[in-house]
Every structure is written in structure tokens, then in C-alpha cells.
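Trainee: Sharing a structure, written as C-alpha cells. Questions coming.
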Amino acid sequence: MADAAFFGIPHAVVGMIHVPALPGTPHSKLAPAQIIDHARREAATLIDCGVDALLIENMHDRPYLRGTVGPEIVAFMTTAALTVRECTAAPCGVQVLAGANEAALAVALAAGLDFIRAEGFVFAHVADEGILEGCAGPLLRARKAWEAEHIRIFTDIKKKHGAHAITADVSIAETARAAEFFCSDGVIVSGAATGEPVDPEELAQTARATSLPVLVGSGATTENVSRLFEFAGAVIVGSAFKEDGHWAAPLDRDRIRAFMRRARDEAPPAKVTPPASAAPASETPRPGLQTSDKRTALRWNDPV
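Count along the sequence shown starting at 1, add 167, and that's the number in the numbering used here.
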């Protein structure tokens, strides 16, 4: 069973920053400065409320392009990521939808982030945007060529918002083992859609199948987080931190703090795992990244 911790943090809570719709996308409304300020304020709020790590995502750019984005998206995501990076020394990552994993890696490298969330790493599935195919080979070659091996790649398996009929004969456990064989740094298990809970049996099967860190990618709530931590080393939380539990709503400090209290008070005893166990062999650890004071340190004087 997996017992590798997320950046050495037992039972980590990763808070989502949903960057407002970026220029050129159908729902874009805000000026560039407003977009960046929104990302800064959400980062400050999440860290101030005690989350362990941050994940930036262009969730509002729907409908998403498949596997690629324009230079304007890379530029704005990099600017947002740099702003968030300046807020905290906690682990920070990025996902660029949909399946634009090399773009995410470039953003992470330019902004000094620690990880990316990648779709379509192994096998293939039919997503909202069309068919997403396995990208492990080119993505890891890009990471090597760019001297970015310190950036970890956490990969979705049997991902939400996808039809998996073409891999129906491949279990989620087998998919996790394939991701590990193809050099993933951790696997992410999600429900059927944003905010939907994971299947407990699928989560347990995944944890038993791999020695990689296992993350929950959707549906974590105050009510179920302690059960999720029985098999997952980290939970990625978006909807549960928002007003009325809706992904597009503003952050709700009371909901975040209630979640964090439950996550801390009722999590199962942490297994002692060397922090480096989740990292690629060639990785040089980020100085000071795994200390508890760094996880909660704010670099801005005006948290909101």
C-alpha cells in the first residue's frame, strides 16, 4: 500500500486556485491586473487558513482546448504562478486545461513551482474535449531536456470528466501500476466530475497497487476527509472551500477552516516516510520546503 507522503507532508491538503477566465477565452471579463490580483488574494486566503500546498488551474477557460493552449495562456498562467509563488514557500503546482501538460511544465519551470497535475499520462480516454492520449514519453523527455527534473508530475488516472470504455479491461490498479512504470511521481484518483467524490474501493485499490503518493482529485469534503486519508497522502480541494460548495463561487474562510480542523483532528496516524521518497532520483530537494513553518508562511502583509 502507498505510504509515500506528499512533499514529506502527512495528510496534505492542497488548495485550488481557479484563475479567472484568461484573455481570449469565451468567459473572459477581467483586466489582466484584476486576474493576477485575484490569484494573489486566493493564495493568501488559503495559506492564511492553513492549507499545506496550492494548485493553480485555468478552470474558467471553458470550453477547453485539447492538449494545447496559446502563448497568451502560458504567459498569463506564468504571471499568476509567479504571483502565487511570491506569497508562500509552501509547495505550489499548476495544471493547464485540458491536457496541456508541457505548457504546465513550462509554467512551473519559469515560475519556480514544485509540481504539475497532468492529464492523459498513460493510456487514453475520451474527455469533454475529445480523445486524450498518453503523453508520458514526450512529457518526461521535455522535463529532462529543460533540466526540470526537480518538478514532480502528479498524474490523473481514470480521470473525471472522461469516458473510459476504451480501457474498460484495464483496472484502476493496473493503470496506477502503468503510471508508476512510466515514471509518474504520484497518481490522482477522482470522481466522475468536479466536486464528485471518489469511489472508496477504487481509492483503496489504487493505494494497494502502487508505492507512489496517492492523491484524491475531487469530492473531498469536511465529512469524508478523514476517511480519504486512510488511503491517500493528499487531497486536492476546490469546491468544498467555496461558498455553497460550488467551484465557481468565492472562497469561504469558514468552510476552509472547518475543513482544516477536521483534516487535522481526525486524520489517521501519519506514517513516517522519508520526504525524498516521493521525488525522482535525480531531484535536488527544494531548500526548506518540508518544514511546517514554511508550509504556512505568508510573504504578503495583507492576507484577505
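A virtual CB, placed ideally from N, CA and C, is assigned to each residue, including glycine.
Given S406, which residues of its chain have a CB within under 7 angstroms of its CB, disregarding the five upstream and five downstream residues?
Mentor: Only T361, G362, G412, H413 and W414 meet the Cβ criterion.
Trainee: Looking only at its chain, what residues have a beta carbon closer than 6 angstroms to the beta carbon of A278, apart from the 5 residues adjacent to it on each side?
Mentor: So the qualifying residues of the chain are T245, A248, L249 and R252.
Trainee: E296 lies in the alpha helix (DSSP H); which residues open and close that run?
Mentor: Taken as a continuous stretch (DSSP letters only), E296 belongs to no alpha helix (DSSP H), as it is neither H nor E.
Trainee: According to DSSP, simplified to helix, strand and coil, what is I214?
Mentor: Helix at I214.
Trainee: Closer than 7 angstroms to a non-hydrogen atom of the ligand GTP - does that hold for the CB of L232?
Mentor: Looking for the ligand GTP in the displayed structure turns up nothing, as the structure carries no ligands at all.
Trainee: When you compare each of F349, A210 and V354 to C254 by their alpha carbons, which one comes out closest?
Mentor: Among F349, A210 and V354, the Cα nearest to that of C254 belongs to A210.
Trainee: Count the CB pairs spanning the region 388-403 and the region 326-338 that are closer than 8 angstroms, and state whether there are at least three.
Mentor: Taking 8 angstroms as the limit for Cβ pairs, the verdict is that the region 326-338 does not touch the region 388-403.
Trainee: Rank D323, P193, I333 and G358 by C-alpha distance to the C-alpha of R478 and give the top, closest one.
Mentor: Nothing in the structure corresponds to residue 478, since the chain is present only between 168 and 471.
Trainee: In terms of residues, what are the limits of the alpha helix (DSSP H) holding M427?
Mentor: That run of the alpha helix (DSSP H) goes R420 to D432.
Trainee: Should the region 376-385 be regarded as contacting the region 350-358, the criterion being three or more beta carbon pairs within less than 8 angstroms?
Mentor: They touch, by the three-pair rule.
Trainee: Looking at the secondary structure, which residues open and close the alpha helix (DSSP H) in which R475 lies?
Mentor: Examination of residue 475 is not possible in this model, given that the chain is present from 168 through 471 alone.
Trainee: Do A312 and G301 count as a contact pair if the criterion is CB distance below 8 angstroms?
Mentor: Contact: no.
Trainee: Check this for me: beta carbons of I320 and A285, under 8 angstroms apart or not?
Mentor: Taking 8 angstroms as the Cβ cut-off, I320 and A285 qualify as a contacting pair.
Trainee: For the region 416-426 and the region 191-205, state whether three or more C-beta atom pairs, one from each stretch, are separated by less than 8 angstroms.
Mentor: No contact exists between the region 416-426 and the region 191-205.
Trainee: Where does I333 land, buried or exposed, given buried means 16+ other C-beta within 10 angstroms?
Mentor: So I333 counts as exposed.
Trainee: Judging by CA-CA distance, which residue of L197, H227, D281 and V180 is the nearest neighbour of A434?
Mentor: Nearest C-alpha to A434: V180.
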